[in-house]
Amino acid sequence: MPYLDHAGSTLPSKIQLEEVAKQQSQLILANPHSHHATAVKTKQIVNSARLRILQYFNTTSDDYFVVLTNNTTHGLKIVAENFKFGQKTHSILNIASVLHGGSSNLGYLYDSHHSVVGLRHVVNGKVNSISCVNEESILEHEIPDVEHSLFVLTAMSNFCGKKYSLESVHRLQEKGWAVCLDAASFVSSSALDLSQQRPNFIAFSFYKIFGYPTGIGALLVRKDSAHLIEKTSFAGGTVQSVDEMSMFFVLREFERAFEEGTLNYYGIAQLQKGFEEIERCGGISSIRNLTHHLCKNALYMLKSKKHPNGRPVVEIYSQSEQFENPDKQGPIVAFNLKRPDGGYYGYTEVEKMCAIFGIELRTGCFCNIGACKKYLGITSEMIQENMSKGKRCGDEIDLINGTPTGAIRISFGRTSTEHDITALEQMIDTCFTEGEHQAQSKPDPMNIESYSPTVVNLFSFPIKSVGSVGRKRYELTARGFKNDREFLIVNDDVTLNLKTHPELCMLTATIVDDDQLLIQTFDQNENLVLPMSLSLKDNGAKLVCKNTIATMDCGDKVGKWLDNALDRQNCRLLRVAEDSKKNFVNDSPFLLINEASVYMLSRYINMEVREILTRFRSNIVVRGLPPFIEDTAKRLSIENLEFEVVDKCTRCEMICVDPMTGEKDPSLLLALRDYRNKQKMTFGIYIRQTNFESGQYLESGMSVNFSTD
Ligand SMILES: *Cc1c(COP(=O)(O)O)cnc(C)c1O
Numbered sequence: 001m002p003y004l005d006h007a008g009s010t011l012p013s014k015i016q017l018e019e020v021a022k023q024q025s026q027l028i029l030a031n032p033h034s035h036h037a038t039a040v041k042t043k044q045i046v047n048s049a050r051l052r053i054l055q056y057f058n059t060t061s062d063d064y065f066v067v068l069t070n071n072t073t074h075g076l077k078i079v080a081e082n083f084k085f086g087q088k089t090h091s092i093l094n095i096a097s098v099l100h101g102g103s104s105n106l107g108y109l110y111d112s113h114h115s116v117v118g119l120r121h122v123v124n125g126k127v128n129s130i131s132c133v134n135e136e137s138i139l140e141h142e143i144p145d146v147e148h149s150l151f152v153l154t155a156m157s158n159f160c161g162k163k164y165s166l167e168s169v170h171r172l173q174e175k176g177w178a179v180c181l182d183a184a185s186f187v188s189s190s191a192l193d194l195s196q197q198r199p200n201f202i203a204f205s206f207y208k209i210f211g212y213p214t215g216i217g218a219l220l221v222r223k224d225s226a227h228l229i230e231k232t233s234f235a236g237g238t239v240q241s242v243d244e245m246s247m248f249f250v251l252r253e254f255e256r257a258f259e260e261g262t263l264n265y266y267g268i269a270q271l272q273k274g275f276e277e278i279e280r281c282g283g284i285s286s287i288r289n290l291t292h293h294l295c296k297n298a299l300y301m302l303k304s305k306k307h308p309n310g311r312p313v314v315e316i317y318s319q320s321e322q323f324e325n326p327d328k329q330g331p332i333v334a335f336n337l338k339r340p341d342g343g344y345y346g347y348t349e350v351e352k353m354c355a356i357f358g359i360e361l362r363t364g365c366f367c368n369i370g371a372c373k374k375y376l377g378i379t380s381e382m383i384q385e386n387m388s389k390g391k392r393c394g395d396e397i398d399l400i401n402g403t404p405t406g407a408i409r410i411s412f413g414r415t416s417t418e419h420d421i422t423a424l425e426q427m428i429d430t431c432f433t434e435g436e437h438q439a440q441s442k443p444d445p446m447n448i449e450s451y452s453p454t455v456v457n458l459f460s461f462p463i464k465s466v467g468s469v470g471r472k473r474y475e476l477t478a479r480g481f482k483n484d485r486e487f488l489i490v491n492d493d494v495t496l497n498l499k500t501h502p503e504l505c506m507l508t509a510t511i512v513d514d515d516q517l518l519i520q521t522f523d524q525n526e527n528l529v530l531p532m533s534l535s536l537k538d539n540g541a542k543l544v545c546k547n548t549i550a551t552m553d554c555g556d557k558v559g560k561w562l563d564n565a566l567d568r569q570n571c572r573l574l575r576v577a578e579d580s581k582k583n584f585v586n587d588s589p590f591l592l593i594n595e596a597s598v599y600m601l602s603r604y605i606n607m608e609v610r611e612i613l614t615r616f617r618s619n620i621v622v623r624g625l626p627p628f629i630e631d632t633a634k635r636l637s638i639e640n641l642e643f644e645v646v647d648k649c650t651r652c653e654m655i656c657v658d659p660m661t662g663e664k665d666p667s668l669l670l671a672l673r674d675y676r677n678k679q680k681m682t683f684g685i686y687i688r689q690t691n692f693e694s695g696q697y698l699e700s701g702m703s704v705n706f707s708t709d
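Listed below in structure tokens is the structure:
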């Protein structure tokens, strides 16, 4: 699978995981704070890991301490919390864009990760100034003399891959700054030689270097800078002596004083396998060369993409010249895609298309608002205004007034290949340059009430994400059709859905005679019947909690059957516990679609109506309305049943799964996108009943009344 998110986390290799598994199966470790033989062994393993880390950065324990942390963020926070800032004399009102002189200052680059920017609130109250500057302020301007001051320097931007000159370290130090290097992004693809570079502190996470183990990072502290940070509190594992009734405590030696609580010693033992993995790849310098080469090719590919009218398809957020020099540019490209008319495609749309092609990349601002603002031309006012319009980090709002709120990021690592770039190119060619169909003209805004639509098809999906056979009539419950999404398949505790497991579409599930769940495979020769009245306890069921919904396990027999049908291991069928008021529906109880809208798409892409219906997985299909007019409905009634429209249904790559083969083909989503021209790719509406009473039924043939107010 084309994986282009190595800056998010690089992936462990198969060999690496096998080695870890082999080692783990033999390794018995114990709390290194104890004194028995197993504890002593564990302590030795932890200390060997410290030495291995120092060796990796070409230094020794004469020179640097290794404080083991959870991640980069944790390491940075240890520095900020414990840094001896000296005397605070005035309070801070604004973040300065230049460096201040004197005592007690904090500085960082505008192109900093949120974990760095957030430190300002850790030190606020202890410092006289906080400065957010650009690199020129350090390299080209006179730096004012300071004391008791901390500069947190980004070694490499996680937004665009720009490497900041490590000359800054020395220049800042000369003027009295202590420099903490945020090396998280940098070390993932570059060698850091601590015999050459001398930051006072360095923070990073191991999963960014070799993918596994996660949850472990390190803070390296130059021994002659150890006095710059002072621990003023203690916790388990950090003290030599303490009295619980007075304020008396004496801390342990430096590293242990900062390692609060019990370390992740099993994870630490696995670091060795990570370092071996890097060696297997020829060392980090080889990885740097490989990733730089690939990234440059990706940049050229992106730059070459043009619309038929000659306009560029890709807007790139870095200086291209930098890409010639791996000392200035890491293996990351941030960009957005543009329409033939110069407007932008939203990154959410791009991400959906990537999902169809199996391409994994990152979109948004990547926890780096400073870089995002600079490259996308977003202002501080716009951020607050967007927030008031409902924009939140990580949501799907990708354009506001046509301006992108974030970008698309591709990043390379040691397992990347040219194939990853080819896949991306194919995706862009297919979805964003050629073959962009002309949008069909939309229906005029007519009055829905002048039509008399009826219900034609009804579907309930007893097992979530599994196919269904429609029925003429369903009993209603407070949570939708009776038995709708009452079952769920999990595999090793992970819920299976169509997005991640398209093979699910080859199963169908139906409730027969109201008392049996019938599951069929596509070829229909291996059916399974599960009595609905089955006492799950008798079946050795256990109560597990999934998405805070209490569920019952339907037992080994079904599990085995599913394993066989889906060609997996450890599948389990779960059923909502009887007393639970919920089912496994994500959004609203009913999804309604308009048959005419389906016809439109069907004509557009030459796909059978029936197949489109299967892919859209709706509960209720209505006939007798112009296409897409359902989008304007607010309420509706089906005979005496009243419903309100909750939302439009936003579509994703799930509809691209061919129910016959499980393969993905983008044409349906593309058709929807083109039809929707620049709007969200929605199809169908979510509705909720407002006058539920028990004993009600919904039947095909019933008449439907829409209302638009
Ligand atoms: C990933 C990253 C971080 C945060 O790392 P965590 O492991 O999430 O703590 C900080 N800074 C940069 C530049 C990063 O790339």
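For the record, in the sequence shown the residue sitting at position 251 is 251 according to full-length UniProt numbering, with numbers rising by one throughout.
For glycine and all other residues, C-beta sits at the position ideal for the given N, C-alpha and C.
Since the model is a prediction, treat every value here as computed from it, not as a measurement.
On the DSSP letters alone, give me the boundaries of the beta strand (DSSP E) that residue i sits inside.
i: V133; result: 129 to 133
i: S149; result: 149 to 154
i: I278; result: Not the beta strand (DSSP E): I278 falls in the alpha helix (DSSP H), residues 265 to 280.
i: Y474; result: 473 to 477
i: V704; result: 704 to 707
i: R572; result: 571 to 576
i: Y697; result: 697 to 699
i: V490; result: 487 to 491
Taking DSSP as the reference, what is the three-state secondary structure of residue i?
i: R222; result: strand
i: M552; result: strand
i: P502; result: helix
i: A407; result: strand
i: A355; result: helix
i: E630; result: helix
i: T38; result: helix
i: L670; result: helix
i: I593; result: strand
i: Q173; result: helix
i: L562; result: helix
i: Q689; result: strand
i: A80; result: helix
i: S465; result: coil
i: V242; result: strand
i: I53; result: helix
i: residue 755; result: Nothing about residue 755 can be read from this structure; the chain reaches only from 1 to 709.
i: E315; result: strand
When DSSP builds the beta bridges, which residues end up paired with residue i?
i: T682; result: T650
i: Q329; result: K162
i: Y344; result: K338
i: D5; result: S411
i: I638; result: L641, V704
i: P144; result: Answer is none; P144 lacks a bridge partner.
My guess is that residue i and residue j are in contact by the Cβ rule of under 8 Å, so how many angstroms apart are they, rounded?
i: V66; j: A218; result: 5 Å
i: M681; j: L669; result: 7 Å
Whose C-alpha, out of the options, is nearest the C-alpha of residue i?
i: F643; options: F616, F692, F683, G559; result: F692
i: G75; options: V116, H35, L109; result: V116
i: G377; options: F616, S286, E578, T405; result: T405
i: E595; options: D587, N586, E608; result: E608
i: Y164; options: K648, F186, L150; result: F186
i: F590; options: M552, Y686, E578; result: Y686
i: L601; options: S667, P331, V98; result: S667
i: E329; options: V350, N289, I209; result: Note on residue identity: the sequence assigns Gln, not Glu, to residue 329. With distances taken between Cα atoms, Q329 lies closest to N289.
i: I359; options: H419, S388, K338; result: H419
i: A407; options: I605, L337, V40, E140; result: L337
i: I202; options: D553, N31, S246, T154; result: T154
i: S320; options: T548, L507, C295; result: C295
Taking the alpha helix (DSSP H) that residue i belongs to, which residues open and close that run?
i: D420; result: 418 to 428
i: G370; result: 369 to 376
i: R256; result: 254 to 258
i: A298; result: 284 to 304
i: E18; result: 14 to 24
i: Y207; result: 207 to 210
i: E615; result: For clarity, residue 615 is Arg in the given sequence; the question names Glu instead. R615 -> alpha helix (DSSP H) spans 609 to 616.
For chain C, is any of its Cβ atoms less than 7 Å away from the one on residue i?
i: L573; result: Annotation note: the requested chain C is absent from the structure, which comprises a single protein chain.
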